[in-house]
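To start, the structure under review is shown below, and the notes come after it.
Protein chains: 2
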Amino acid sequence: MTERRLDPTTGEWTTFATARQDRTFLPPAGLCPLCPTTDPARPTEVPRDAYDIAVFENRWPALSGRPPEPDLDGTSLYSVEPACGAAEVLVFTSRHDATLADLPVAQVTKLVDVWAHRYAELGARPDVAYVFAFENKGEAIGVTLHHPHGQVYGYPDVPPRVAIEMRAAREHLARHGTCVWCDVVAAEEADGARLVLQGAAVSAYVPFAARYPYEVHLSVRRHVGSLLDLDATERRDLAEVLSTVLRAYDRLYGFSLPYVLSVHQRPTDGGDWDAISHLHLELTPLHRTATKLKYLAGSETGAGAFVADVRPEDAAGRLRQLLS
Amino acid sequence: MTERRLDPTTGEWTTFATARQDRTFLPPAGLCPLCPTTDPARPTEVPRDAYDIAVFENRWPALSGRPPEPDLDGTSLYSVEPACGAAEVLVFTSRHDATLADLPVAQVTKLVDVWAHRYAELGARPDVAYVFAFENKGEAIGVTLHHPHGQVYGYPDVPPRVAIEMRAAREHLARHGTCVWCDVVAAEEADGARLVLQGAAVSAYVPFAARYPYEVHLSVRRHVGSLLDLDATERRDLAEVLSTVLRAYDRLYGFSLPYVLSVHQRPTDGGDWDAISHLHLELTPLHRTATKLKYLAGSETGAGAFVADVRPEDAAGRLRQLLS
Chain A
2 MTERRLDPTT GEWTTFATAR QDRTFLPPAG LCPLCPTTDP ARPTEVPRDA
52 YDIAVFENRW PALSGRPPEP DLDGTSLYSV EPACGAAEVL VFTSRHDATL
102 ADLPVAQVTK LVDVWAHRYA ELGARPDVAY VFAFENKGEA IGVTLHHPHG
152 QVYGYPDVPP RVAIEMRAAR EHLARHGTCV WCDVVAAEEA DGARLVLQGA
202 AVSAYVPFAA RYPYEVHLSV RRHVGSLLDL DATERRDLAE VLSTVLRAYD
252 RLYGFSLPYV LSVHQRPTDG GDWDAISHLH LELTPLHRTA TKLKYLAGSE
302 TGAGAFVADV RPEDAAGRLR QLLS
Chain F
2 MTERRLDPTT GEWTTFATAR QDRTFLPPAG LCPLCPTTDP ARPTEVPRDA
52 YDIAVFENRW PALSGRPPEP DLDGTSLYSV EPACGAAEVL VFTSRHDATL
102 ADLPVAQVTK LVDVWAHRYA ELGARPDVAY VFAFENKGEA IGVTLHHPHG
152 QVYGYPDVPP RVAIEMRAAR EHLARHGTCV WCDVVAAEEA DGARLVLQGA
202 AVSAYVPFAA RYPYEVHLSV RRHVGSLLDL DATERRDLAE VLSTVLRAYD
252 RLYGFSLPYV LSVHQRPTDG GDWDAISHLH LELTPLHRTA TKLKYLAGSE
302 TGAGAFVADV RPEDAAGRLR QLLS
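Going down the list, the sequences are from chains A and F. The opening residue of the first sequence carries number 2 in my numbering; numbering runs sequentially from there. The opening residue of the second sequence carries number 2 in my numbering; numbering runs sequentially from there.
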């Protein structure tokens, strides 16, 4: 059963993909489905004996261009729709044991280029309203394959967290006449207390009201809506800042730090988003100490109210000390 | 540092309470701070040699009636306020090794009465806009003390998830002239496919667009905004339905199932909520199989878009089989 259902008590869609219950779960390195195919009798997901970066449709897609018919009819109370959209896997490198932090900046720049390419191609599809590139890294985040990879989803609507950001940005624009993200980057660069790293085009900082421990946002200083608006130098700067922050993350506790990486770009549904869409990346780790995680418990899950244990200025100071 | 900061890019507050980093973490049973005080030389948090149910202020409060001054001044971009409100611990029983599912219905009814009492008392405070009772159960949820207990927060505003529910309910009311929760309970009782248990006053069902595996909502059939609107028979029915569902949860995988329990009631800020506030409880477990958790990863954390692996009708059918 693969379908989307609308919750009338929240106005939010849940995407169901029950086949994902059987997806490959932490296979041994010799059976990694993301490694190159070295034995034709045992093909992996990538039918090449070598590759640089690979993108393909997820074998257990939550969203797809040819979704099955829904299991259930909708009612006047309950809406149901096919799970239209896209779900792609993006393999960062053929090196099974690497992490994104280990890769040369040139390879991370290629990843940024692939993100831009997928944004353009999926965003052009009429059934895709929002292109979302992300990486789930580490078992603490629930990753099911260790080979360094991310994913790109094409949602048929603007998803809830992005809608919340867009509403806040529109209110800020109406009140102040400016883009809130432009104002935030300028404020963080001027203040410096939460700044982790200031690149030529991109700054990395711990957000003022960070919800996760050691959360870091990377924002382009210039008001741009997507990676397509960046020139080659800016893309390389983004890759370099990202790479530097990830290396600092790995020094924080002396192990490769799990996190979610989210790329927020302009919706692709043709709406009036230019003035309020500002390209940024969000890094959200869960470790509040080397051995303790920030769990989303009652306050976060049931009320949506985040309680944080780490002072943003302290997190930024510690990360600055760990930069190389 | 204890303070609330507003994120201008989302319009949401984060509550910081850095002293919570040092809170008691999974102490051995002999040092449980929630057990009765048996040795006066080593007092626990409950200064009695026996008790039935106990409520007291959290020793590491996120929110309090006498919050310290914020660490930082606000700016035109960034708002800061003292962390006003309440954070209470509610111990369900003096029996260290019990769980809520183990307790007699009479004890669960007392818990419902205490929730109602705390709702009345905290809700009457001018600095409390929303009273939120919840339980974090199990290490998978991040619980730091095993003794069966929950918490009651008094937020100074209506928290984000509740605001989302209220907006959806107001839109439903404007369109259909009815309370969406009343319509949902009626639809679930009529359909039956997702119904887990129908009590005299309260029904338990897996929500149509459930975000968590084996998520169950308990809604009062009658349109009531808070526990204060229930009579003694209805409160006992709520306790009985809750107790029955929790026992089925523990049979699901053969171990005591971790979950978050959230009690959603009418805001207490004096606003116009009566027509759209409908008392309900949300149970959100994380286990999608006996050994695998539903993680909130990229799609949920970065985009707010839930991808679910378990078909709600299957979850309800399985739970029905496990009722005693």
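All residues carry an ideal CB built from backbone N, CA and C; glycine is no exception. Small disclaimer: the values here were computed from a predicted structure and weren't measured.
Listed along the chain, the chain A residues whose CB falls inside 7 angstroms of the CB of Asp-128 (chain F) amount to none; the nearest CB is some 15 angstroms away. The CB of Ser-325 (chain F) never comes closer than 7 angstroms to any CB in chain A; the least such distance is about 27 angstroms. Inclusion of Ala-42 (chain F) and Leu-294 (chain F) in the CB contact set at 8 angstroms is not warranted, their separation being larger than that value.
Cβ proximity to chain F below 8 angstroms picks out Thr-10, Thr-11, Gly-12, Glu-13, Trp-14, Thr-15, Thr-16, Phe-17, Ala-18, Thr-19, Arg-21 from the segment 10-21 of chain A. In the structure shown, Gln-108 (chain A) adopts helical secondary structure according to DSSP, grouped into three states.
Annotation note: the segment 72-134 of chain A contains the following uninterrupted beta strand (DSSP E) runs of length 3 or greater, listed N- to C-terminal: 87-92.
Close to Val-311 (chain F), with beta-carbon spacing below 9 angstroms, are these residues of chain A in chain order: Phe-17, Thr-19, Gln-22. Under the 8 angstroms criterion on CB atoms, Glu-166 (chain A) is classed as interfacial with respect to chain F. For Asn-59 (chain A), the nearest beta carbon of chain F is not closer than 8 angstroms to its own beta carbon. Spatial neighbours of Arg-248 (chain A) in its own chain (CB-CB distance under 7 angstroms, excluding positions within 5 residues in sequence) are listed in chain order as Ala-102, Ser-325. DSSP places Trp-14 (chain F) in no alpha helix (DSSP H) but in the uninterrupted beta strand (DSSP E) bounded by 13-18.
With a cut-off of 8 angstroms on Cβ pairs, the segment 160-171 of chain A is not in contact with the segment 290-307 of chain A, counting fewer than three such pairs. The criterion of a C-beta distance shorter than 8 angstroms is satisfied by Val-225 (chain A) and Leu-280 (chain A). Setting aside the 5 residues that flank it on each side, Ala-20 (chain F) is surrounded in the same chain by Trp-61, each with a C-beta closer than 6 angstroms to its C-beta; the list follows chain order.
Cβ neighbours of His-148 (chain A) within its own chain (closer than 6 angstroms, five residues either side excluded): Cys-33, Leu-35, His-97. Per DSSP, Gln-322 (chain F) is one residue of the alpha helix (DSSP H) stretching across 313-322. Taking 8 angstroms as the CB threshold, Asp-275 (chain F) stays off the interface with chain A. Every beta strand (DSSP E) stretch that sits fully inside the segment 251-312 of chain A and reaches 3 residues is listed by chain position as 260-265, 281-286, 307-309. In the DSSP annotation of this structure, the continuous segment of the beta strand (DSSP E) that includes Val-217 (chain A) starts and ends at 217-221. By the 16-neighbour rule on beta-carbons within 10 angstroms, His-150 (chain F) is buried. Listed along chain A, the residues sitting closer than 7 angstroms to Pro-208 (chain F) by beta-carbon distance are Asp-8. With contacts defined by Cβ atoms closer than 8 angstroms, Ser-244 (chain F) and Ser-220 (chain F) do not form a contacting pair. Chain F places a beta carbon closer than 8 angstroms to that of Val-261 (chain A), counting this residue as a contact. Comparing C-alpha distances from Pro-160 (chain F) to each of F:Val-132, F:Gln-152, F:Cys-180 shows the shortest one belongs to F:Val-132.
Each of F:Ala-194, F:Gly-193, F:Tyr-206, F:Leu-91 was checked against the Cα of Gln-152 (chain F), and the nearest Cα belongs to F:Leu-91. Per DSSP, the continuous alpha helix (DSSP H) segment holding Asp-192 (chain A) begins and ends at 181-192. If you draw a straight line from the Cα of Leu-287 (chain F) to the Cα of Asp-238 (chain A), it comes to about 39 angstroms.
Considering only beta carbons, the part of the segment 177-190 of chain F lying closer than 7 angstroms to chain A consists of Val-181, Trp-182, Asp-184, Val-185, Ala-188, in chain order.
Under the Cβ distance rule, Thr-100 (chain A) does not count among the residues neighbouring chain F, no pair being separated by less than 8 angstroms. With distances taken between CA atoms, Val-113 (chain A) lies nearest to A:Ser-227 out of A:Pro-268, A:Ala-87, A:Ser-227. Under the three-state reduction of DSSP, Gly-66 (chain F) is assigned to coil, being neither helix nor strand.
Beyond the five residues adjoining it in sequence on each side, Ala-121 (chain F) comes within less than 7 angstroms, by CB distance, of Leu-229 in the same chain, given in chain order. Spatial neighbours of Thr-10 (chain F) in its own chain (CB-CB distance under 7 angstroms, excluding positions within 5 residues in sequence) are not present. Scanning its chain for C-beta atoms nearer than 8 angstroms, with the 5 sequence neighbours on each side dropped, one finds around Leu-78 (chain A) the residues Pro-9, in chain order. Scanning its chain for C-beta atoms nearer than 8 angstroms, with the 5 sequence neighbours on each side dropped, one finds around Val-242 (chain F) the residues Leu-198, Gly-200, Val-203, Ser-204, Ala-205, Leu-219, in chain order.
For Tyr-156 (chain F), DSSP records a beta bridge to F:Tyr-131.
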